[in-house]
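Heads up: the sequence lines are chains A and B, in that order.
Following the working numbering, the numbering of the first sequence begins with 16 at its first residue and continues without gaps.
Following the working numbering, the numbering of the second sequence begins with 16 at its first residue and continues without gaps.
Number of protein chains: 2
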Amino acid sequence: MHDPKPALDFWYEFASTYSYPAAMRIEALAAARGVAVRWRPFLLGPLFAEQGWRDSPFNIYPVKGRYMWRDLARVCESLGLPLIRPEPFPQNTLLAARVALALPEAERAAFSRAVYAAEFGQGRAVSEPAVVAELIGAGAEATLARAQSPDNKAALKAAGEQAKALGLPGAPCCVTASGEIFWGNDRLEQAVEWALRG
Amino acid sequence: MHDPKPALDFWYEFASTYSYPAAMRIEALAAARGVAVRWRPFLLGPLFAEQGWRDSPFNIYPVKGRYMWRDLARVCESLGLPLIRPEPFPQNTLLAARVALALPEAERAAFSRAVYAAEFGQGRAVSEPAVVAELIGAGAEATLARAQSPDNKAALKAAGEQAKALGLPGAPCCVTASGEIFWGNDRLEQAVEWALRG
Numbered sequence: 016m017h018d019p020k021p022a023l024d025f026w027y028e029f030a031s032t033y034s035y036p037a038a039m040r041i042e043a044l045a046a047a048r049g050v051a052v053r054w055r056p057f058l059l060g061p062l063f064a065e066q067g068w069r070d071s072p073f074n075i076y077p078v079k080g081r082y083m084w085r086d087l088a089r090v091c092e093s094l095g096l097p098l099i100r101p102e103p104f105p106q107n108t109l110l111a112a113r114v115a116l117a118l119p120e121a122e123r124a125a126f127s128r129a130v131y132a133a134e135f136g137q138g139r140a141v142s143e144p145a146v147v148a149e150l151i152g153a154g155a156e157a158t159l160a161r162a163q164s165p166d167n168k169a170a171l172k173a174a175g176e177q178a179k180a181l182g183l184p185g186a187p188c189c190v191t192a193s194g195e196i197f198w199g200n201d202r203l204e205q206a207v208e209w210a211l212r213g
Numbered sequence: 016m017h018d019p020k021p022a023l024d025f026w027y028e029f030a031s032t033y034s035y036p037a038a039m040r041i042e043a044l045a046a047a048r049g050v051a052v053r054w055r056p057f058l059l060g061p062l063f064a065e066q067g068w069r070d071s072p073f074n075i076y077p078v079k080g081r082y083m084w085r086d087l088a089r090v091c092e093s094l095g096l097p098l099i100r101p102e103p104f105p106q107n108t109l110l111a112a113r114v115a116l117a118l119p120e121a122e123r124a125a126f127s128r129a130v131y132a133a134e135f136g137q138g139r140a141v142s143e144p145a146v147v148a149e150l151i152g153a154g155a156e157a158t159l160a161r162a163q164s165p166d167n168k169a170a171l172k173a174a175g176e177q178a179k180a181l182g183l184p185g186a187p188c189c190v191t192a193s194g195e196i197f198w199g200n201d202r203l204e205q206a207v208e209w210a211l212r213g
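This is the structure in structure tokens:
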């Protein structure tokens, strides 16, 4: 018997701006400390709707939005990541999220990074099925069919319900086995250290 | 002729939770890099009112609020700062802000830290004039009179207008001479480095 490898759940939404740098660096960061990352795509829309928001809070509150885009530019610059704002913002990320969930876990991280790189690194419209298919690559047709299956749709809804039950305030969030929530690209390092506490 | 010492404006609101750890560490952080800090008290209320908020967003959005208190507890623990939530939250900080502004700059930082330590370190009601007077210490009566003078009231209002014109999304914010805004206790280090760029 040995202790299982420490792990954390990385909850992300493809429309979430700060999920972009977080997704690009979480894997290497966690691996360096021997922590496994479970990629948990979900939709913020239903959670935001409960707060009365029908749009990104960064659009609803323009002062906050202006600050966010400037801050994100500085964050991306410091990480060497390109940043191009997709139009419209936010993109509709339902299909991309369904695909991410439908993929085997071994392929989910790479697909998710590809979506973020296209969306925020190149400003592409990841709401378009053709773009999503291109990002899937080989076997796109079968994956898209699996993504749109009733079981997979239900699984994404269930993920959203779990995110709500956990009390996630936004995305990205890292959640440890002990239930600690760390919100934002700024909290990845702390989340990884917390996961090591067991 | 020599270049003036690099400086940054530290904009804070006494009711702002993350302004507490920021206020407790900004001075030492900046001094270690040779950066001067100008303490700029202001009120978030008028800015929030423009967003349609009549209360702290941490009260309006309880999921966000629950996360914030847990996150703040972790932040304070990591800094060795005590944390006791004042009741009610947020405190009415109008008088404390007026006093901070009325004080000579040389005394403003120490008074401000004393307010935060009482409010969030001990959970005291800094909305109470008697508590504010105690925190001023010697000369409290004269300082309170100056704080409530029409000129000083107008100066605090003007500070709020300036905060709005700058586009501050909340508190605390560090603003460099070049107009870069850094929001949050998480951005102090970056703000100080930016101030050094001139």
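Ideal placement from N, C-alpha and C gives every residue a C-beta, glycine not left out.
### Message
Using a Cβ distance threshold of 8 Å, determine whether the segment 54 to 62 of chain B contacts the segment 172 to 181 of chain B, with at least three qualifying pairs required.
### Response
yes
### Task
Output, in chain order, the set of chain A residues within a Cβ distance shorter than 7 Å of Trp-26(B).
Correct list: empty, because the minimum Cβ distance to chain A is about 13 Å.
#### Entry: Partners in chain B for Val-229(A), counting only beta-carbon separations shorter than 7 Å
Here chain A comprises residues numbered 16 to 213, so residue 229(A) is not present and cannot be evaluated.
#### Entry: Euclidean distance between Cα positions of Ile-151(B) and Ala-162(B)
11 Å
### Message
Against Trp-198(B), what residues of chain A qualify as contacts under a CB-to-CB distance less than 8 Å, listed in chain order?
### Response
For Trp-198(B), the chain A residues whose C-beta falls within less than 8 Å of its own C-beta are Tyr-82, Asp-86, listed in chain order.
#### Entry: 8 Å Cβ cutoff, Gln-66(B) in contact with chain A
yes
#### Entry: Range covered by the beta strand (DSSP E) that runs through Ala-123(B)
Checking the displayed sequence, the identity of residue 123(B) turns out to be Arg instead of Ala. First-last for Arg-123(B): 120 to 131, but that is the alpha helix (DSSP H), not the beta strand (DSSP E).
### Query
So is Thr-158(A) buried or exposed if we call it buried at 16+ other beta carbons inside 10 Å?
Around the C-beta of Thr-158(A), 16 or more other C-beta atoms lie within 10 Å, and the residue is accordingly described as buried.
### Message
Excluding the 5 residues flanking Ser-71(A) on each side, which residues of the same chain have their C-beta closer than 6 Å to its C-beta?
### Response
Pro-105
### Message
Are the CB atoms of Glu-28(A) and Ala-186(A) within a distance shorter than 8 Å?
### Response
yes
### Task
Rank Arg-113(B), Glu-122(B), Glu-120(B), Ala-160(B) by C-alpha distance to the C-alpha of Val-141(B) and give the top, closest one.
Taking only the C-alpha atoms, the option nearest Val-141(B) is Arg-113(B).
### Message
Quick check on this structure: which residue in Asp-24(A), Gly-194(A), Phe-73(A) has the alpha carbon closest to the alpha carbon of Pro-103(A)?
### Response
Phe-73(A)
### Message
Quick check: what's the CA-CA separation for Ser-93(B) versus Ala-37(B)?
### Response
13 Å
### Message
I'd like the list of long-range same chain contacts for Arg-128(A), defined as Cβ closer than 7 Å, with 5 residues on each side in sequence excluded.
### Response
Ala-38, Met-39
### Ile-196(B) (DSSP reduced to helix, strand or coil)
strand
### Query
Within the 8 Å Cβ cut-off, does Asp-70(A) reach chain B?
Closer than 8 Å: no.
#### Entry: Buried versus exposed, by CB contacts within 10 Å (16 or more), Ile-99(B)
Exposed, by the Cβ-count rule.
### Query
When you check each C-beta in the segment 149 to 182 of chain B against every C-beta of chain A, which residues fall closer than 9 Å?
For the segment 149 to 182 of chain B, which is checked against every Cβ of chain A, the residues closer than 9 Å are Lys-179, Gly-182.
### Task
For Glu-134(A), count neighbouring Cβ atoms within 10 angstroms of its own Cβ and tell me buried if that reaches 16, exposed if not.
buried
### Query
In this structure, what does DSSP give as the bridge partners for Asp-24(A)?
DSSP lists Arg-53(A), Val-190(A) as partners of Asp-24(A).
### Task
Count the other C-beta atoms from every protein chain shown that fall within 10 angstroms of the C-beta of Ala-111(B), then say buried if there are 16 or more, exposed otherwise.
buried
### Query
Mind checking whether Asp-24(B) and Cys-189(B) have CB atoms under 8 Å apart?
Pairing Asp-24(B) with Cys-189(B) gives a Cβ-Cβ distance under 8 Å.
### Task
Could you check what DSSP says for Ala-115(B) in three-state terms: helix, strand or coil?
helix
### Task
Using 10 angstroms around the beta-carbon of Pro-119(A), count the other beta-carbons present and answer buried if the total reaches 16, otherwise exposed.
The residue in question, Pro-119(A), is exposed, as its Cβ has fewer than 16 Cβ neighbours within 10 Å.
### Query
Hey, Val-207(A) and Ala-45(A): beta-carbon distance below 8 Å or not?
yes
### Task
Hey, could you find the ends of the alpha helix (DSSP H) Arg-85(B) is sitting in?
77 to 94
### Task
Establish whether the CB of Thr-158(A) and some CB of chain D are separated by less than 8 Å.
Included in the structure are the protein chains A and B, with no chain D among them.
### Query
If you check the beta carbons only, do Arg-123(A) and Ala-115(A) fall under 8 Å apart?
yes
### Task
Could you tell me if Leu-211(A) is buried or exposed, where buried requires 16 or more neighbouring beta carbons within 10 angstroms of its beta carbon?
An exposed status is given to Leu-211(A), since fewer than 16 other beta-carbon atoms sit within 10 Å of its beta-carbon.
#### Entry: Collapsed DSSP secondary structure at Arg-212(A) in the structure displayed
coil
### Query
So the alpha helix (DSSP H) Ser-34(A) belongs to, where does it begin and stop?
34 to 47
### Task
Pull up the distance between the alpha-carbon of Gln-205(B) and that of Gly-154(A), whole angstroms please.
44 Å
### Task
Pick out whichever of Asn-200(A), Phe-126(A), Trp-209(A) has its Cα sitting closest to the Cα of Tyr-147(A).
The sequence shown places Val at residue 147(A), not Tyr. Nearest C-alpha to Val-147(A): Phe-126(A).
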